[in-house]
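By numbering that gives the first Met the number 0, the letter at position 177 of the sequence shown is numbered 176, and the numbering carries on one by one without gaps.
Contents: one structure, followed by commentary.
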Amino acid sequence: MASYPPVRSVERVIELLQCLNRQPVTTLDELHRATGLPRPSLVRLLQTLIGKGLVRHAPQYGAYYVTSGVLALSCGYHSEPRIIEAAASVVDAITAAVKWPVALAVFDGDAVIVRYSTISQSPLSLLHSSLNMRLSLVSRALGRAYLAFCPPDECRMIVQSLRQSTHAEDQPVHDAAALHAMLEQTRAQGYALRSKDVRPVSNTLAVPVFENGHVMAAIGLTWFSSAMDTDAAVSIYLPRMQEAARNIESRLNAMGVGASPAASRVAAKALRRKSRAGLRKRAAGSPDDTADT
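Have a look at this one:
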């Protein structure tokens with residue numbers, strides 16, 4: 000039993016984070032109903048969490064969602080996430096065999112973020128580390144591999160969100176025809192390549208990793224452009240990368256407790272609902288309007 004009464008403000012923050020974790024995106028009204036906290040208090044708590052990098056506000060949807068920053072709260076718990084546990088030895092084996100570094104990235108709101116990399120095992124890398132690097136969904140191979148293979152509704156929602164981005168590597172999202180052609184080509188060939196306009200000194204070949212038919216991540220192999228041309232790299236490494244993706248999928252299935260096939264559809268539907276609700280709230284002068292940073 001605790002020696003002192005609990006600190007109510009801390010309890011409120013924990014309750015708020017728990018509520019935000021229950022679904023992909025959550026509106027202020029939903030948070031109010033779920034927690035019973037006054038809306039002004041919720042706005043202050045959300046702004047604090049946004050300032051600490053744990054929550055992000057999506058004004059176009061009138062909603063809030065947790066960021067990858069919440070993972071830092073579990074750093075002391077030494078159990079690897081499922082996707083990393085399933086993938087680590089598989090991608091390690093690729094680098095051991097071909098020497099080039101391989102990275103695994105997962106979706107994180109408006110980008111993919113590198114969660115595992117074999118750079119430390121590779122003698123052929125331009126970087127010391129790529130862990131936690133955020134990569135564009137429309138210019139980087141890992142991002143393209145995720146975006147092209149997520150469900151159509153989710154893809155449309157992501158593209159709509161990216162149109163608000165000011166990041167230089169996200170600007171191709173405004174060329175709808177070129178973006179559509181890139182995504183169609185990526186789906187047809189089963190892999191993605193980095194945009195030629197981004198770091199031409201090297202290139203990356205990326206493939207999606209699925210679980211129960213839902214794209215969970217992407218793995219990508221990077222090589223020096225001076226060492227071989229793109230066609231040669233694809234010919235040599237694509238079969239190995241696709242085999243690795245299938246191996247990771249098998250490991251995920253064997254581990255169990257995975258994503259349902261409808262996970263992305265649920266997220267996309269949630270985003271559409273929040274988008275409509277957000278428009279109504281902004282028109283009515285809702286506090287959601289004032290919580291942006």
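No residue lacks a Cβ here, since even glycine has one placed at the ideal position from N, Cα and C.
Predicted model only: the values in this text are computed from it and were never measured.
Beta-carbon proximity list for residue i, same chain, < 6 Å, skipping 5 on both sides
i: Asn246; result: Val89
i: Trp222; result: Trp99, Ala232
i: Leu70; result: none
i: Val265; result: Low confidence applies here, because Val265 scores a pLDDT of 46, under 50, leaving its location unreliable; read the following figure in that light. Excluding positions up to five away in sequence, the list is empty.
i: Arg133; result: Ala110, Ile112
i: Arg139; result: Arg193
Close beta carbons around residue i, own chain, < 7 Å, minus the five adjacent residues each side
i: Pro151; result: none
i: Leu36; result: Arg11
i: Ser78; result: Here Ser78 scores only 42 on pLDDT, less than 50, and its place in the model is too uncertain to base an answer on.
i: Cys154; result: Leu146
i: Gln163; result: Gln59
i: Leu237; result: Tyr190, Leu204
i: Pro4; result: none
i: Arg275; result: With a pLDDT of 43 at Arg275, under the threshold of 50, the modelled position of that residue is not reliable, and no figure is offered here.
i: Lys195; result: none
i: Ser67; result: Asp107, Ile112
Where the beta strand (DSSP E) through residue i begins and ends
i: Ala216; result: 213–223
i: Asn202; result: 201–210
Residue i: first and last residue of the uninterrupted alpha helix (DSSP H) it sits in
i: Val12; result: 7–19
i: Tyr236; result: 229–254
i: Gly142; result: 140–148
i: Val158; result: 151–161
i: Gln188; result: 175–188
i: Asp196; result: No alpha helix (DSSP H) holds Asp196; DSSP gives it neither H nor E.
i: Asp28; result: 27–34
Minimum C-alpha distance to residue i - residue among the options
i: Ala177; options: Ser160, Gly142, Val137; result: Val137
i: Gln17; options: Pro39, Gly50, Arg38, Leu72; result: Leu72
i: Ile218; options: His173, Ala191, Asp230; result: Ala191
i: Val113; options: Val97, Ile93, Lys98, Ala87; result: Ala87
i: Ile13; options: Asp28, Ser128, Leu53; result: Leu53
i: Arg143; options: His31, Ala92, Asp169; result: Asp169
i: Arg186; options: Cys149, Ala216, Ser164; result: Cys149
i: Ala96; options: Ala243, Pro4, Glu248, Gly255; result: Ala243
i: Arg21; options: Val65, Gly50, Leu27; result: Val65
i: Leu141; options: Ser249, Pro23, Gln159, Val197; result: Val197
i: Thr117; options: Leu220, Ser8, Ser249; result: Leu220
i: Arg193; options: Val214, Gln241, Pro171, His213; result: Pro171
i: Val158; options: Val111, Thr165, His173; result: His173
i: Thr165; options: Met215, Asp109, Leu130; result: Asp109
i: Ile93; options: Ala253, Gly255, Gln241; result: Gln241
i: Asp107; options: Ser119, Leu161, His127, Asp91; result: Leu161
i: Ala85; options: Ala226, Asp228, Met215; result: Met215
i: Asp91; options: Ser119, His56, Ser135; result: Ser119
i: Gln188; options: Ser234, Ala175, Asp228, Ala167; result: Ser234
i: Ser135; options: Ala167, Ser128, His127; result: Ala167
i: Met254; options: Arg81, Asp228, Arg32, Met227; result: Arg81
i: Val24; options: Leu130, Ser67, Asp228, Tyr63; result: Tyr63
Other residues of its chain near residue i: CB distance less than 8 Å, five sequence neighbours each side excluded
i: Ser224; result: Pro199, Val200, Ser201, Asn202
i: Leu15; result: Leu30, Thr34, Leu36, Leu41, Leu44, Leu45, Leu48
i: Ile83; result: Leu103, Arg114, Tyr115
i: Ser128; result: Ser116, Ile118, Ser119
i: Leu278; result: Per-residue confidence for Leu278 stands at a pLDDT of 36, beneath the threshold of 50, marking its modelled position as unreliable; no derived number is given.
Closer than 7 Å: residue i CB and nearest the ligand ZN heavy atom
i: Lys98; result: As far as ligands go, the structure on display features none, and thus does not contain the ligand ZN.
- Message: I'd like to know if the region 119–126 and the region 173–186 are in contact, where contact means that at least 3 CB-CB pairs between them fall below 8 Å.
- Response: Flag = no, the region 119–126 and the region 173–186 do not touch.
- Message: Please give me, in chain order, every unbroken run of the beta strand (DSSP E) with length at least 3 that falls completely inside the region 93–138.
- Response: 101–106, 111–116
- Message: Any contact between the region 202–218 and the region 96–105? By contact I mean 3 or more CB pairs, one from each, below 8 Å.
- Response: Touching, yes, given that three or more Cβ pairs across the two stretches are closer than 8 Å.
- Query: Hey, which unbroken runs of the alpha helix (DSSP H) at 4 residues or more fall wholly within the region 36–86?
  - Reply: 38–50
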